[in-house]
Amino acid sequence: GQATDLASAGTLPADSAATAAGANDNAGVAAPVVGSPAAPAKPEVLPDASPEEQYNFALQRAMQNDLETAEAAFAEFRAINGDHPRQADALFWLGRIQFLREQFDLAAMTFSEFNSAYPDDARIVDTTMWIAEAVSRFAPADQACAIYASLPNLLESPPERFTERLAALSQSANCGG
């Protein structure tokens with residue numbers, strides 16, 4: 058799935074570089090072994106530790122306001138720990154960090170992915186609201202209005218604070234109806 062795609066996408070440039078470098082050396086015999094997809098990938102940002110320690114590392118970076126490292130760490134955690142129970146938490150934090158880093162289009166996509174993957178998660182009201190907040194910062198008004206209109210359908214019973222904020226965003230974008 059996604060982890061495999063990310064892993065192979067990450068090894069392609071290394072393989073190409075290793076092969077190119079190998080052409081100048083002897084036959085570059087070791088290069089294919091190093092870049093081999095069969096070899097388990099070592100984490101680049103995360104410590105080479107248990108998934109729980111890796112998750113805690115990423116969360117610590119977020120709490121220390123090292124958002125760039127935290128974003129990379131949560132993304133890497135998701136790529137290399139596909140079945141881990143912390144996947145929902147990592148995706149949630151990835152979206153929060155993208156939002157805090159003002160990467161609003163990425164945050165909206167990440168929160169949408171979270172909502173699709175974890176529709177029963179207790180944080181769904183927050184992630185849905187953050188989709189609206191993110192959209193308000195990058196989307197053209199017509200696109201934003203369509204998204205605002207669809208968001209309440211994602212929640213079984215949207216709380217008043219959600220509907221009030223969504224109404225305010227809709228009004229700011231001059232949405233009709």
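If you're matching positions, the sequence shown starts at 58 in the working numbering and goes up one per residue. Just so you know, even glycine gets a beta-carbon here, dropped at the ideal spot from N, CA and C. Remember, it's a predicted structure, so these values are computed and weren't measured experimentally.
C-alpha distance - residue i paired with residue j, whole-angstrom precision
i: valine 102; j: cysteine 232; result: 43 Å
i: tyrosine 112; j: leucine 151; result: 11 Å
i: serine 207; j: alanine 189; result: 10 Å
i: phenylalanine 134; j: arginine 222; result: 33 Å
i: leucine 212; j: threonine 184; result: 11 Å
i: alanine 132; j: methionine 166; result: 14 Å
i: phenylalanine 156; j: asparagine 122; result: 13 Å
i: glutamate 217; j: serine 193; result: 19 Å
i: glutamine 228; j: isoleucine 137; result: 42 Å
i: glutamine 160; j: phenylalanine 195; result: 9 Å
i: glutamate 109; j: alanine 230; result: 42 Å
i: alanine 130; j: proline 215; result: 32 Å
i: proline 100; j: alanine 224; result: 44 Å
i: leucine 163; j: glutamate 170; result: 10 Å
i: methionine 120; j: proline 209; result: 31 Å
i: alanine 191; j: proline 176; result: 19 Å
i: serine 107; j: leucine 226; result: 42 Å
For residue i, three-class secondary structure by DSSP
i: alanine 106; result: coil
i: glutamate 159; result: coil
i: asparagine 231; result: coil
i: valine 86; result: With a pLDDT of 43 at valine 86, under the threshold of 50, the predicted position of this residue should be treated as unreliable, and no value is reported.
i: proline 94; result: The predicted position of proline 94 is uncertain, since its pLDDT is 47 and thus under 50; a value taken from the coordinates is nonetheless stated next. It is coil, neither helix nor strand.
i: tyrosine 175; result: coil
i: asparagine 113; result: helix
i: arginine 135; result: helix
i: aspartate 183; result: helix
is_contact[residue i, chain D] using C-beta, thresh 8 Å
i: serine 169; result: As a matter of chain content, chain D is missing from the structure shown, which is built from one protein chain.
Checklist entry - With a cut-off of 8 Å, do at least 3 Cβ pairs link the segment 170-180 to the segment 190-207? => result Put simply, the segment 170-180 does not touch the segment 190-207. Fewer than three CB pairs are less than 8 Å apart.
Next on the checklist: In chain order, what are the residue ranges of uninterrupted alpha helix (DSSP H) at least 4 long that sit wholly in the segment 197-226?
Outcome noted: Runs of the alpha helix (DSSP H) inside the segment 197-226: 198-207.
Checklist entry - Are the segment 139-148 and the segment 121-129 touching, with three or more C-beta to C-beta distances below 8 Å? => result Taking a contact to require three or more Cβ pairs closer than 8 Å, the segment 139-148 and the segment 121-129 do not qualify as touching.
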